[in-house]
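Chains as they are written, first to last, in my numbering: chain A, 37 to 216; chain B, 37 to 216.
Note that the Cβ used here is the ideal one computed from N, Cα and C, for glycine as well.
Please read all numbers here as calculations on a predicted model, not as lab measurements.
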């Protein structure tokens, strides 16, 4: 699946949330998400712009591989493979045995809404700030995805600095600047 | 979890099956199991006596890591980590992306019975023959496990050549001897 989305730094989630709720957008879920990122023997995922992530949210654990970003103008696109797994602890242990170690962790409070043919997420990321994402449904063409994302961004006031870096990359940048 | 078991080559599964059924042993399940084994960049799992396996049985997919065998007299013991995953195809794709390729496949028809504090499995393995395994429950000590396994082997007539090789190793041995 190709993930196509925008990620926007916003100063306040409240006005976006109000518009979403006023329009009757369905709340898909909300809660803390704990993301652990892994590095292994194959290659340096920071250099190749890949990511291997194990997420825990409530009772659910999901393993995700993300490929290098293939587009990064105003839209961000990359291959994404997600699989739900039975247990975070056992998956972590198996990853360790096959050479993958947890190297970073990011946690956030996320709300997700279904809007049109996309998902809007409102994130409060520990230590990084507040962000809104608009991700197109997986069955859209890139052209349809872009159109739907821009329509939603305008309608719900999701306006601000757009960027391509993942929360992991923002986190690592911040770590580096704190050390230098 | 430490897996403690015996694996016995038997010429006929029918008499063991009859005794199991006559004793009222609970049939836990039966059906085809498709096992794919993976090799990756970390080390040669055939040399280190490890295994990374993705099993599909009916609607279920399970990823398993097995550590080196730690005992191999009459009993076989090794670390085993199992995790149920949502989809065989997606797990295979993620393994590929992180450097693990499918290198061998074994398929078998398996019946599993709960007997005392152990599981007895009767296997017809494609190209390899018929086998019975007795695996102790994970909460037994090694001493309890050995006692329970021997009691069950005697009671149900699970008698024959005991060996430590996995089906994968038997399969690879056969492949090699066919080539030489």
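With a threshold of 16 other beta carbon atoms within 10 Å, residue 48 of chain B falls short and is exposed. Under the DSSP assignment, residue 129 of chain B falls in the alpha helix (DSSP H) whose first and last residues are 124-133. Residue pairing by DSSP places residue 167 of chain A opposite A:45 and A:159 in a beta bridge. When 8 Å is used as the limit between beta carbons, residue 68 of chain A is near no residue of chain B, the shortest such separation being about 22 Å.
For residue 213 of chain B, the uninterrupted alpha helix (DSSP H) segment begins and ends at 203-215.
For residue 89 of chain B, the uninterrupted beta strand (DSSP E) segment begins and ends at 87-93. Assigned with DSSP and collapsed to three states, residue 56 of chain B falls in helix.
Judged by beta-carbon spacing, residue 105 of chain A lies beyond the 9 Å limit of residue 89 of chain A, meaning their Cβ atoms are not closer than that value. The alpha-carbon separation between residue 183 of chain A and residue 65 of chain B amounts to approximately 50 Å. Assigned with DSSP and collapsed to three states, residue 51 of chain B falls in helix. A residue is called buried once 16 or more other Cβ atoms fall within 10 Å of its Cβ, and residue 63 of chain B, having fewer, is exposed.
Taking C-beta separations shorter than 6 Å and ignoring five residues to either side along the sequence, the partners of residue 150 of chain A in its chain run 62 and 64, following chain order. In the three-state DSSP reduction, residue 104 of chain A falls in the strand class (E or B). Taking a Cβ-Cβ cut-off of 8 Å, the neighbours of residue 117 of chain B in chain A comprise 126, 129, 130 and 133, given in sequence order.
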